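I have placed the structure first, in the form of structure tokens, so that the comments after it can refer back to it.
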Ligand code: LMR
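Residue numbers (my numbering): 103 to 500.
Next comes the structure, spelled out in structure tokens:
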């Protein structure tokens with residue numbers, strides 16, 4: 103039977119890690135997958151997380167199953183982090199949150215719920231978006247539409263065109279928006295732009311579906327959640343998928359959350375029951391470890407403070423790498439202006455290179471990035487910065 107299966111190409115992002123690992127060039131640089139790295143190229147366990155792990159190890163009482171939706175304490179802390187403590191939607195008890203298995207698992211549960219609620223709902227996805235979005239959400243059987251989000255000529259969001267496209271989104275459609283640190287472009291909506299999309303949603307009845315994979319990597323925990331908090335205040339319904347992979351560095355622990363803002367508190371039990379049922383039919387109940395660490399850190403004033411400092415350091419490192427790359431390209435006299443990279447935020451930006459230039463960087467320099475020329479800024483460090491910048495100048499100017 104299994105001989106009938108076609109062989110699939112490698113994942114466009116994860117495949118790069120495998121390729122780069124196998125490369126014997128000592129100068130190789132992996133700008134592929136979005137994983138934070140320090141100056142030595144390591145992805146450290148945060149000190150706040152390590153301390154939480156010690157506490158958890160000493161106090162863990164049981165390994166019996168978690169509730170399918172996660173522990174109530176985890177849910178309460180996550181709601182406060184995502185929506186802001188005392189948010190009107192929380193006070194009105196219109197928010198249903200369950201623990202998710204990373205950002206991907208959370209997105210998938212949300213998609214299954216949407217499919218159950220309205221099987222003809224379409225999901226509007228930004229063009230470009232994270233390559234896995236359509237595969238991950240599409241597996242639930244939902245249909246897709248696209249809206250323009252990034253103009254490679256001006257390196258900015260063509261907002262008028264975006265709004266014009268979204269004017270076609272119908273009541274009951276979902277519009278997927280990245281809360282912050284847009285993957286792959288690094289270009290984020292301003293507060294005024296969030297407000298304009300909210301007005302359109304109010305007028306036309308589409309439901310924003312916000313993916314927040316990088317809270318705290320853009321400007322701050324609060325500013326990065328602006329869109330979610332504003333929309334949850336203004337609109338009757340909202341879907342939010344959240345990940346702790348990046349901001350807690352818990353990539354392999356698979357911890358996230360999915361929140362549904364409903365019109366009426368009377369709907370909470372039904373929506374919660376549906377999500378628990380979806381979880382039960384895919385993975386039964388979530389893993390405990392990563393969520394326990396998030397819970398421990400968020401509940402403890404000192405650990406939380408420590409975590410916020412470490413998160414700030416990660417954010418600052420990414421910002422300084424952005425500036426350093428722009429400066430290095432300038433110093434080398436590159437004919438192209440890359441200063442937009444400094445204005446963007448989060449882990450990713452496009453270099454604006456063609457596929458063949460991306461291929462050239464790989465074959466001639468062992469520099470790996472997604473075909474679209476998306477780079478993961480965190481793959482840069484002071485040792486490889488000049489090498490990468492020289493290679494970019496070579497392919498752009500020669
Ligand atoms: C990325 O886009 O590189 C990250 O979100 C990791 C992933 O799962 O693709």
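Heads up, the beta-carbon is just placed ideally off N, CA and C, and yes, glycines get one too.
As the structure is a computational prediction, the values presented were derived from the model and not from experiment.
Contact belief for residue i with residue j at Cβ below 8 Å, rounded distance in angstroms
i: residue 330; j: residue 431; result: 34 Å between Cβ atoms; not a contact.
i: residue 225; j: residue 244; result: 5 Å
i: residue 352; j: residue 392; result: 5 Å
i: residue 274; j: residue 220; result: 5 Å
i: residue 139; j: residue 145; result: 6 Å
i: residue 277; j: residue 311; result: 6 Å
i: residue 334; j: residue 159; result: About 36 Å separates the two Cβ atoms, so there is no contact after all.
i: residue 337; j: residue 305; result: The Cβ separation is near 11 Å, so there is no contact.
i: residue 463; j: residue 154; result: Not really, about 40 Å apart at Cβ, beyond 8 Å.
i: residue 377; j: residue 198; result: 7 Å
i: residue 141; j: residue 478; result: Actually they do not touch by this definition, with Cβ atoms about 15 Å apart.
i: residue 100; j: residue 285; result: For residue 100 there is no data in the structure shown, the boundaries of the chain being 103 and 500.
i: residue 289; j: residue 259; result: 5 Å
i: residue 341; j: residue 196; result: Contact doesn't hold; Cβ gap of about 13 Å is too wide.
i: residue 231; j: residue 214; result: Contact flag wrong, Cβ pair sits at about 19 Å.
Counterpart residues of residue i in DSSP-defined beta bridges
i: residue 314; result: 344
i: residue 250; result: 229
i: residue 280; result: 313
i: residue 476; result: 452
i: residue 481; result: Its beta-bridge partners do not exist; DSSP assigns none.
i: residue 290; result: Paired residue(s): none; residue 290 is not in a bridge.
i: residue 275; result: Answer is none; residue 275 lacks a bridge partner.
i: residue 470; result: 132
i: residue 245; result: 224
i: residue 441; result: None, per the DSSP bridge assignment.
i: residue 258; result: 253
Cα-Cα separation, residue i to residue j
i: residue 381; j: residue 301; result: 33 Å
i: residue 496; j: residue 472; result: 19 Å
i: residue 323; j: residue 108; result: 43 Å
i: residue 365; j: residue 307; result: 13 Å
i: residue 202; j: residue 208; result: 5 Å
i: residue 169; j: residue 403; result: 26 Å
i: residue 316; j: residue 257; result: 21 Å
i: residue 296; j: residue 348; result: 23 Å
i: residue 397; j: residue 166; result: 18 Å
i: residue 451; j: residue 287; result: 5 Å
i: residue 486; j: residue 425; result: 15 Å
i: residue 368; j: residue 442; result: 47 Å
i: residue 467; j: residue 132; result: 11 Å
i: residue 448; j: residue 321; result: 9 Å
i: residue 93; j: residue 499; result: No statement about residue 93 is possible, as the shown extent of the chain runs from 103 to 500 and does not include it.
i: residue 115; j: residue 474; result: 11 Å
i: residue 266; j: residue 299; result: 11 Å
i: residue 318; j: residue 125; result: 33 Å
i: residue 339; j: residue 212; result: 13 Å
i: residue 134; j: residue 470; result: 6 Å
i: residue 436; j: residue 459; result: 15 Å
i: residue 223; j: residue 147; result: 40 Å
i: residue 422; j: residue 444; result: 9 Å
i: residue 252; j: residue 294; result: 17 Å
i: residue 174; j: residue 440; result: 47 Å
i: residue 261; j: residue 235; result: 21 Å
i: residue 193; j: residue 178; result: 12 Å
i: residue 480; j: residue 433; result: 21 Å
i: residue 420; j: residue 104; result: 44 Å
i: residue 455; j: residue 461; result: 10 Å
i: residue 412; j: residue 269; result: 41 Å
i: residue 233; j: residue 106; result: 26 Å
i: residue 371; j: residue 346; result: 25 Å
i: residue 240; j: residue 210; result: 9 Å
i: residue 282; j: residue 206; result: 16 Å
i: residue 387; j: residue 172; result: 8 Å
i: residue 482; j: residue 408; result: 25 Å
i: residue 385; j: residue 216; result: 18 Å
is_contact[residue i, chain D] using C-beta, thresh 8 Å
i: residue 319; result: No chain D appears in the structure shown, which is made up of a single protein chain.
Residue i CB to nearest heavy atom of the ligand PLP below 7 Å
i: residue 135; result: Ligands displayed in this structure: the ligand LMR; the ligand PLP is not among them.
Item to check | Segments assigned alpha helix (DSSP H), at least 4 residues, entirely inside the segment 396–438 | outcome: 403–433
Checklist entry - Enumerated in chain order, which unbroken segments of the alpha helix (DSSP H) with a length of 4 residues or greater are wholly contained in the segment 349–385? => result The segment 349–385 contains these whole alpha helix (DSSP H) runs: 370–384.
Checklist entry - Unbroken beta strand (DSSP E) runs of length 3 or more, entirely within the segment 178–233: which are they? => result 197–202 and 224–229
Item to check | Complete alpha helix (DSSP H) runs within the segment 138–172 (minimum length 4 residues, chain order) | outcome: 149–161
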